[in-house]
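The structure under discussion appears below in the form of structure tokens.
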Amino acid sequence: MKNRLGEDVNLVKIGLFIVFVALLIFGLIAVFILHSHILAFIVIPLFFLFFMVFLVIQYREVRSGKFQNKMDKILENTKEKYGRK
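Set out below in structure tokens:
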């Protein structure tokens, strides 16, 4: 899958972000609305687990050089857009 700039999009990272936000919302509902500490003790570790998986994927991208290539493209596009050298 490609984004509007024509770059490959990592669907796993998008899925992890969606699950991360859903767990955050579910955890807040469990604690503040339902007052269920059992649900909170289930959700909070899952929240950190998905965050760690996201960090591992990000680390692999940085190690493989994909992240640096993305940053270089962004820098080039910014220079072209604003006319800076």
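Using my numbering, the letters of the sequence shown correspond one by one to residues -17 to 67. Even glycine gets a Cβ: it sits at the ideal position worked out from N, Cα and C.
- Message: Check for me: the alpha helix (DSSP H) holding Ala22 runs from which residue to which?
- Response: Here the alpha helix (DSSP H) through Ala22 covers 19 to 46.
- Contact set for Val(-9): own chain, Cβ-Cβ below 8 Å, skip 5 residues either direction: Met(-17), Lys(-16), Asn(-15), listed in sequence order.
- Can you grab the Cα-Cα spacing for the pair Phe8 / Val25, in whole Å? Their Cα atoms are separated by approximately 7 Å.
- Query: Using 8 Å as the threshold, is the segment 43 to 58 in touch with the segment 0 to 14, meaning 3 or more CB pairs across them?
  - Reply: Below 8 Å, too few C-beta pairs join the segment 43 to 58 and the segment 0 to 14 to call them touching: fewer than three.
- Between the beta-carbon of Leu5 and the beta-carbon of Phe32, is there less than 8 Å? Taking 8 Å as the Cβ cut-off, Leu5 and Phe32 qualify as a contacting pair.
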